[in-house]
Amino acid sequence: MELSNWFKGFEDGIAKLSEEQRETFFRECGRNCVQCGTLQVYKDLYEQVGDLDRFFAIADEQPGVRCETIEKGSVYNLYFIECTCGLYKQGYVSTPLLCECSKQSILYVLQSLWKDRTFQVTICESILRGSQHCKMRIEAATLTLQNLKRKYRME
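According to this note's numbering, the sequence shown is numbered sequentially starting from 1413.
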């Protein structure tokens, strides 16, 4: 069996999952992927600056990434100029549902670095949806009891 046939079943399978199930599934995939190197890049950047605004300003200088501060301390746009996912680049997966993995990896990185903040990431545009780039909107909030409950889905 061709590996590409297996991934066709993978795409069909994730399409049948609910949004919540896909979030859970890709949370694990995204965490695993980012721990293989990208997380350390962002940890190093965080240790240099610590501050969200400066973090995104310096991230804007990284190759293949563009960042905009929309609202200081709380809202940012993060752009990826190309899709770096190996599954996509090697032609195995082309469903836009795969972008949930990227969203979850961003959430994992941010929550790992800023434990006193909560984050919401929204996929605004993606290459797999036909755009020229991927655009993620990141909204940060200070950790409150309400945000803590939401973070751990206790509401």
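Ideal placement from N, C-alpha and C gives every residue a C-beta, glycine not left out.
Nothing here was measured: the structure is a model prediction, and the numbers come from that model.
Outcome for residue i when other beta-carbon atoms lying within 10 angstroms are tallied against a minimum of 16
i: T1530; result: buried
i: Q1474; result: exposed
i: C1497; result: buried
i: L1555; result: exposed
i: S1543; result: exposed
i: S1416; result: exposed
i: S1538; result: buried
i: C1479; result: buried
Three-way DSSP call (helix, strand, coil) for residue i in this model
i: Y1394; result: The structure shown does not extend to residue 1394, since the chain is modelled only from 1413 to 1567, so the question has no answer here.
i: I1482; result: strand
i: T1556; result: coil
i: T1534; result: strand
i: V1453; result: helix
i: E1551; result: strand
Under 8 Å between C-beta atoms of residue i and residue j
i: V1505; j: F1422; result: yes
i: C1511; j: L1540; result: yes
i: V1477; j: A1469; result: no
i: Y1454; j: V1533; result: no
i: R1434; j: L1509; result: yes
i: T1481; j: D1465; result: yes
i: A1576; j: S1486; result: Nothing about residue 1576 can be read from this structure; the chain reaches only from 1413 to 1567.
Boundaries of the beta strand (DSSP E) in which residue i is found, first to last residue
i: C1513; result: Counting along the chain, C1513 falls outside any beta strand (DSSP E), though it belongs to the alpha helix (DSSP H) covering 1511 to 1525.
i: L1540; result: Where L1540 is concerned, there is no enclosing beta strand (DSSP E), given that its DSSP letter is neither H nor E.
i: Y1488; result: 1487 to 1492
Boundaries (first-last residue) of the alpha helix (DSSP H) holding residue i
i: Q1433; result: 1431 to 1446
i: Y1500; result: 1498 to 1501
i: G1476; result: G1476 -> no alpha helix (DSSP H), and no H or E assigned at all.
i: I1424; result: Before going further, note that residue 1424 is Asp rather than Ile in the sequence given. Start and end: 1415 to 1427.
is_contact[residue i, chain D] using C-beta, thresh 8 Å
i: F1531; result: Chain labels in this structure do not include chain D; a single protein chain is all it has.
Examine the Cβ distances between the stretch 1451 to 1470 and the stretch 1521 to 1540 and report whether three or more of them are shorter than 8 Å.
Using a Cβ-Cβ distance cut-off of 8 Å, the stretch 1451 to 1470 and the stretch 1521 to 1540 are in contact, since at least three pairs of beta carbons, one from each stretch, lie closer than that value.
Indicate whether the contact test is met: 3 or more Cβ pairs, each with one atom in the stretch 1513 to 1520 and one in the stretch 1441 to 1448, closer than 8 Å.
The stretch 1513 to 1520 vs the stretch 1441 to 1448: in contact.
Does the count of Cβ pairs from the stretch 1488 to 1503 and the stretch 1535 to 1549 closer than 8 Å reach three?
Verdict: yes, contact present.
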